[in-house]
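The working numbering runs 1095 ahead of the 1-based position in the sequence shown.
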Amino acid sequence: MSHVQEFFRIPPGERDHIPAFRIALGVAIPLLVLLGIDRLDLAVYAAFGAFTGIYARFESPRSRTRRQSIAALVLVICVGVGALLGAVGASIWVLIVVTSLVSGAGVAVALRFRLKPGGSIFFIFATGAVGSIPDGASVPGRHGDRGRLGAGEHRIGSVRPFRR
């Protein structure tokens, strides 16, 4: 096989399709509901809540529930911080500094609770994206609730009964 062919070769995945399908449903269902009720203005908040499903892909249901709950809590806090920054009209420099602090805290949480994927990319994304929405939050606390609803919906959809 030539170097060019090797570069474009995609080997078969190792059970990646199972969590990918679960994650895709966890993102699609809340977005389709919002589309159905004509509230696409809330899509960014529902998407961040649904990102909870990305964590703990190959773990047991019990471990996945614990880790996804931790990730959901951190994502809700990040969305809330971002909504507060957007509501007060924080400057871009304040947003950058706060998002940088969130990055450090997110890495510490990810390391402490062994969240996979590691790092704080989704926490940074949640804070920065929501914080950059000008006046995106008329009531900042409500955006955290919206993200929590998406995270809770995903948690309900991914919990399976234990089989003995």
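Glycine included, every Cβ here is placed at the ideal spot set by N, Cα and C.
I'd like the span of the alpha helix (DSSP H) that includes residue i, first residue to last.
i	result
G1045	Because the chain here runs from 1096 to 1259, residue 1045 falls outside it and cannot be looked at.
R1140	It should be noted that the sequence gives Tyr, not Arg, for residue 1140. Run containing Y1140: 1138-1145, per the alpha helix (DSSP H) assignment.
Counting C-beta neighbours from all protein chains within 10 Å, is the total for residue i 16 or more, i.e. buried, or is it exposed?
i	result
F1146	buried
P1125	buried
L1135	exposed
L1180	buried
I1118	buried
F1217	buried
G1201	buried
F1143	buried
DSSP on residue i, reduced to helix/strand/coil?
i	result
E1154	coil
R1104	coil
F1208	coil
S1198	helix
A1203	helix
I1132	coil
R1161	helix
R1117	helix
P1229	coil
G1181	helix
G1148	helix
G1175	helix
Just checking my contact of residue i with residue j at CB under 8 Å: how many whole Å lie between their CB atoms?
i	j	result
P1114	R1162	Contact flag wrong, Cβ pair sits at about 13 Å.
L1137	L1129	6 Å
I1172	F1208	The pair is not a contact, with the Cβ atoms about 14 Å apart (cut-off 8 Å).
Quick one: does the C-beta of residue i sit closer than 8 Å to a heavy atom of the ligand NAD?
i	result
P1229	Among the components of this structure there are no ligands whatsoever, and the ligand NAD is therefore not found.
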